[in-house]
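A.B. asks: Residue numbers (our numbering): 14 to 277.
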Ligand code: ADP
Ligand code: MG
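1. Within 10 angstroms of its Cβ, does residue 252 collect 16 or more other Cβ (buried), or is it exposed?
2. Comparing alpha-carbon positions, which option in 52, 245, 21 lies nearest residue 83?
3. Return the chain-ordered ranges of every alpha helix (DSSP H) run that is complete within the region 14-82 and spans a minimum of 4 residues.
4. Alpha carbons only, please: which of 25, 58, 48 is nearest the one belonging to residue 199?
5. Taking DSSP's pairing of strands, which residues face residue 229 in a bridge?
6. Quick check: is any heavy atom of the ligand ADP less than 7 Å from the C-beta of residue 62?
7. Using a threshold of 7 Å, is the CB atom of residue 36 nearer than that to any non-hydrogen atom of the ligand ADP?
8. Pairing CB atoms from the region 37-54 with CB atoms from the region 220-234, are three or more of them under 8 Å?
9. Exposed or buried, residue 119, counting other C-beta atoms within 10 Å across all chains shown (16 or more means buried)?
10. What whole-angstrom Cβ distance do residue 205 and residue 60 have, given they're in contact under 8 Å?
11. Identify every run of the beta strand (DSSP E) within the region 154-236, keeping only runs that are complete inside it and at least 3 residues long; order them along the chain.
12. Return the CA-CA distance between residue 214 and residue 254, expressed in angstroms with no decimal places.
13. Can you give me the C-alpha to C-alpha distance between residue 116 and residue 236, rounded to a whole angstrom?
14. Go through its chain and collect everything with a Cβ distance to residue 127's Cβ below 8 Å, but skip five positions before and after it.
15. Rounded to a whole number of angstroms, what is the C-alpha to C-alpha distance between residue 91 and residue 67?
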């Protein structure tokens, strides 16, 4: 069912050439157990930085990330990451890739094997279970990546522009498969993308981010039930949400440019 995830006033400063700059300022987002929040925003607004804080890979300069009410202090198996570049191991078969997490945690029990079979089936990978990744297309490798996060039984799945490198058809199929997964096994999910339609389609809430400094600009509820099909993208309601987000992003970009002019 997932676990509640709460991001509370998280700021991250980086030091670049001896100077401090704020990559993320006071980001607060709640992701209730089993729901999906999409983060959308221009390049450089701190999306990856925020995922890395949630993943426990970098520390917030201030603020907290709570998983089930407990502050995150480092990486953990209950949080799985999926990146744009697929991270499948070429020397392992598809099945071995899926079982990697349970194996290194010494939790390769019958439940893990059953989960592996379930996700091989759900992601259309069953026929490729004993193949090596080199015979798979980019879309199939991405399925291995996503399935691995689910087989690992992590309560929280963090995806950083996972479909960014795929063609439109493959991307659309994978979005549908993600929706399907979220129905059969709801997980607390943070989905980062710079594609507005994708953000709306896969999310229960879209968090719009802005730059300079990177921050949360707005939370937008998606007015569709989780059980959705690609044709909703053509509906007026969907397009209205898309336009609203597009306007927001444009406004933010314009005011960021003005701030820069002022600073120069
Ligand atoms: P996004 O994923 O939204 O494109 P990032 O989180 O990757 O944004 O980056 C936010 C800002 O922080 C950018 O200006 C980026 O150049 C900067 N940045 C990211 N990682 C580091 C780092 N390790 N050191 C210094 N600056 C960084
Ligand atoms: Mg990024």
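The beta carbon of each residue, even a glycine, is placed where N, CA and C say it ideally should be. Computed from a predicted model, the values in this text were never measured in an experiment.
C.D. replies: With the structure as the only source:
1. Along the chain shown, read from residue 1 onward, the residue named residue 252 stands at position 239. With fewer than 16 Cβ atoms within 10 Å of its Cβ, residue 252 is classed as exposed.
2. For the purposes of this step, residue 83 is taken as the residue at position 70 of the chain shown. If we check each option's Cα against that of residue 83, 21 comes out closest.
3. 60-68
4. As a first step, residue 199 must be located in the chain shown, where it is residue number 186. Among 25, 58, 48, the Cα nearest to that of residue 199 belongs to 48.
5. In the chain shown, the residue the question calls residue 229 occupies position 216. Its beta-bridge partners are 222.
6. What you label residue 62 is simply residue 49 of the chain shown in a count that begins at 1. Yes, Cβ of residue 62 sits closer than 7 Å to a heavy atom of the ligand ADP.
7. Translated into the one-based positions of the chain shown, residue 36 becomes position 23. Within the cutoff, so yes.
8. yes
9. Walking along the chain shown from the start, residue 119 turns up at place 106. So residue 119 counts as exposed.
10. Position 192 of the chain shown, counted from the start, is the residue given in the question as residue 205. Position 47 of the chain shown, counted from the start, is the residue given in the question as residue 60. Going by Cβ atoms, the distance from residue 205 to residue 60 rounds to 5 Å, so yes, they are a contact pair.
11. 169-173, 201-206, 218-223, 228-234
12. Against the chain shown, residue 214 aligns to sequence position 201. Against the chain shown, residue 254 aligns to sequence position 241. C-alpha separation (whole angstroms): 11 Å.
13. Here residue 116 corresponds to residue number 103 of the chain shown, with the count starting at 1. Here residue 236 corresponds to residue number 223 of the chain shown, with the count starting at 1. For residue 116 and residue 236, the distance between alpha carbons rounds to 40 Å.
14. Walking along the chain shown from the start, residue 127 turns up at place 114. Counting only Cβ-Cβ distances below 8 Å, and skipping sequence neighbours, we find nothing.
15. Position 78 of the chain shown, counted from the start, is the residue given in the question as residue 91. Position 54 of the chain shown, counted from the start, is the residue given in the question as residue 67. The alpha-carbon atoms of residue 91 and residue 67 are separated by roughly 11 Å.
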